[in-house]
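Step one of this worksheet: look at the structure below.
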Amino acid sequence: MGDVITLIIDCIKSTASTIKNSSNKAKQGIFAGVAVLAILASLSFTGARIAYKVNYSGHTIATVSSKKQFNEALQLVVSMVNGKGVETVVEEPEFNTTVVLSENINNTTEVADAIIDNTDAIVRASTLYVDGNAVARAEKRMLDSIINNRLNSFNVENQQCTSRFVGEVLCEDGYLMATNLDSKSDVEAVVNSLAVITEMRQVTDVMVPYKSTVQKTNEQIVGYSAVTVTGVSGVNRVTQDIVMVNGEVQSCVEVSNEVVVAPVNEVIVKGTAKTLASAKQKQAAHSAGFIFPVPAGSWKVSSYYGDGRNHKGIDICAKSGTSIYAVADGTVVYSGWKGDYGYCVIIEHEGGMRTLYAHAKQLCCNVGDIVSQGEIIALVGTTGQSTGNHVHFEVIANGRNVDPAPYINLD
Ligand SMILES: [Zn+2]
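If you count the sequence shown from 1, position 226 lands on 207 in our numbering, and the numbers rise without skipping.
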C-alpha cells in the first residue's frame, strides 16, 4: 500500500509542474488522469478494488479477481468431477467489471462449487464399489435407499437382525457427469445380486406339553379312571443366534432356554380292584355256591361291576357260540329279547336271588323251565347294546343288583 501512495504522490507532483506549461485541452486530459489516480488512491485506502462478477447460466454466481481465477476454478471443477468431458458442459461466462471489498471476492474453491451448483450436467452422486470395483453410479439418496431395501429385505419381523453384504461394499460421494448415472432399475439389479449375510437373535416361546402320570389304587374297580390333577402346558423361551445368507439359515446356536411357565403334569387315578366287596360280603357270596357262567379257559373279563360307569354286572368275553351255564339250580323267569340286553335269560334261585345273562347269540331255554346248575341256557353273542361277543352277567339279591365278582370267585 505504501508503494502505491508514494507512486501517486510522485505522479501528482510531476503533473502539477506539467500543467503550468500546457494547453487547455491537454489540461483537461491531465485532470482526468489525476481523477483516476485519485480514485485508485481512495480505493487503496478503503480496501476496495476492481473485480469481476461472473454471470453464468443467466445469473451472477461469484465474484472473481480475474478471468485467470475463473479458469483456475474451472480446472478445479475438472479435477473434482469423476468423468470426462467436463469442459464441454461448462458454459462460457460473462465477466462484468465491478468494485468490491477484497474480502468479498470468492476464493477459487467457492467459485468451483458455484460452477458445479449451476451446471445441470454435473451432479452430486455416489459411486458404488464392490470389492474395489465401481459397479453403479446414482444419486446418493436413491442408492442408499436401494441398498437399505436390499439389506432390510432379509430382516425378520419382531426379531433383532443385522444385515450386511458378504463382499466389501462401499459408497463414495462425489461429483459425476449426469450422463454417467445408471438407471434405477440397473442399480437395483446390481444391488439385488449382492449376497447378504444376516445375523439374527431369535426369541421364540415354545409350548412345553405336560406329562401324564398314572396312580393305581385298589380302592377303585378295574376300568375306573379319573383325572385328579388337570394337566397344563408350560412355556419355554428359547433364544437362538441364527446366521442366514440371502435368507437361508447357515447356522443356529441356542443361547438360552428358560422356563417362563412350568407345565403342570396331569395325574390320572386308575382302579386295580376286581371287587369292592367286604370280607363278610365275599364270604356270604361264596356260600351261595355259584359256578362260573362259561367254560374254564374260554373267557376274559373286560369290565367289572361299578368300574366308574355304574356298571350293573360283569362283562365276560368269550367266542361267539360259547356255552352259557346256569350258575345254580333255578327256574327260568325270562328268556327273550330285552332291549339293550339283546337276547337275555333271567333265572330265579332260592333265597330271593336272581342271575341275568345278556347279549346271547341264541337262547336255549324257555320261561318256566327248571334248570340245573351247569345246564346250557344260551350261547355267547353280541346282541343288543354290545360291541363284541360277551356275556353281561348280573346277580340280583332281593331285587337289588350286587357285585357278582365274589359269587363267581373273581375276588
Ligand atoms: Zn355289561
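Backbone N, C-alpha and C fix where the C-beta goes; we use that ideal spot for every residue, glycine too.
{"Asked": "Under 7 Å between C-beta atoms of Val248 and Thr194", "Found": "yes"}
{"Asked": "Spatial distance of Gly380 from Gln196 (CA atoms)", "Found": "36 Å"}
{"Asked": "C-beta atoms of Tyr156 and Ile97 nearer than 7 Å", "Found": "yes"}
{"Asked": "Ligand 1 heavy atom lying under 6 Å from the CB of Met321", "Found": "Reading the sequence as shown, one finds Asp at residue 321 and not Met. No."}
{"Asked": "Nonlocal neighbours in the same chain, by C-beta distance under 7 Å from Gly369, ignoring five residues either side", "Found": "Cys298 and Thr363"}
{"Asked": "The stretch 107 to 120 in contact with the stretch 66 to 76 per 3-pair CB rule at 8 Å", "Found": "no"}
{"Asked": "Closer than 6 Å: Gly294 CB and nearest ligand 1 heavy atom", "Found": "yes"}
{"Asked": "beta-carbon His373 near ligand 1 non-hydrogen atom, thresh 6 Å", "Found": "yes"}
{"Asked": "Glu331, DSSP secondary structure in three states", "Found": "coil"}
{"Asked": "Separation of Val241 from Gln141, as counted between CA atoms", "Found": "20 Å"}
{"Asked": "Under 7 Å between C-beta atoms of Lys474 and Leu391", "Found": "Residue 474 lies beyond the residue range present for the chain, which begins at -18 and ends at 392; the question has no answer from this structure."}
{"Asked": "For Lys34 and Val92, the rounded distance between their alpha carbons", "Found": "11 Å"}
{"Asked": "Spatial neighbours of Glu239 in its chain, beta-carbon cut-off 6 Å, leaving aside the 5 residues before and after", "Found": "Arg218"}
{"Asked": "Pick from Pro387, Gly278, Gly113 and Asn129 that is closest to Gln264, judged by C-alpha positions", "Found": "Pro387"}
{"Asked": "Residues bridged to Met188 [DSSP beta-bridge criterion]", "Found": "Val216"}
{"Asked": "Cα-Cα separation, Ser166 to Asn173", "Found": "10 Å"}
{"Asked": "Collapsed DSSP secondary structure at Val352 in the structure displayed", "Found": "strand"}
{"Asked": "Nearest candidate by alpha-carbon position, reference Val361, set Gly228, Pro276, Ala170 and Asn227", "Found": "Pro276"}
{"Asked": "Contact between the stretch 296 to 316 and the stretch 219 to 230 (3+ Cβ pairs under 8 Å)", "Found": "no"}
{"Asked": "Close Cβ partners of Gly148 (< 8 Å) along its chain, the five nearest in sequence each way excluded", "Found": "Val111, Asp112, Leu175 and Ala176"}
{"Asked": "Minimum length 4: unbroken alpha helix (DSSP H) runs contained in the stretch 299 to 329", "Found": "none"}
{"Asked": "Cβ contact check for the stretch 317 to 328 and the stretch 284 to 291: 3 or more pairs under 8 Å", "Found": "no"}
{"Asked": "Val242 - containing beta strand (DSSP E), residue span", "Found": "Glu229 to Val242"}
{"Asked": "Coil, strand or helix - Arg122 by DSSP", "Found": "helix"}
{"Asked": "Pairwise C-alpha distance: Ala260 and Tyr306", "Found": "27 Å"}
{"Asked": "Cβ-based neighbour list, Thr312, same chain, cut-off 6 Å, excluding 5 preceding and 5 following", "Found": "Glu329 and Ile351"}
{"Asked": "Selection from Ala170, Phe76 and Val150 that minimises the alpha carbon distance to His40", "Found": "Phe76"}
{"Asked": "Proximity of Cys346 and Ser367 at Cβ, strictly below 7 Å", "Found": "no"}
{"Asked": "Cβ-based neighbour list, Leu344, same chain, cut-off 6 Å, excluding 5 preceding and 5 following", "Found": "Ser316, Tyr324 and Ala359"}
{"Asked": "Closest by C-alpha distance to Leu124, when choosing among Gly64, Glu153 and Lys319", "Found": "Glu153"}
{"Asked": "3 or more residues per run - each beta strand (DSSP E) lying fully within the stretch 20 to 58", "Found": "29 to 37 and 40 to 45"}
{"Asked": "Same chain only: Cβ atoms within 8 Å of Leu162, ignoring 5 sequence neighbours per side", "Found": "Val104, Ala106, Arg118, Ala119 and Glu120"}
{"Asked": "Assigned exposure category for Arg182 - 16 Cβ within 10 Å defines buried", "Found": "exposed"}
{"Asked": "Those residues which DSSP pairs with Gln183 across a bridge", "Found": "Gln221"}
{"Asked": "Alpha helix (DSSP H) segments (min. 4 residues) lying fully within the stretch 56 to 108", "Found": "67 to 70 and 89 to 98"}
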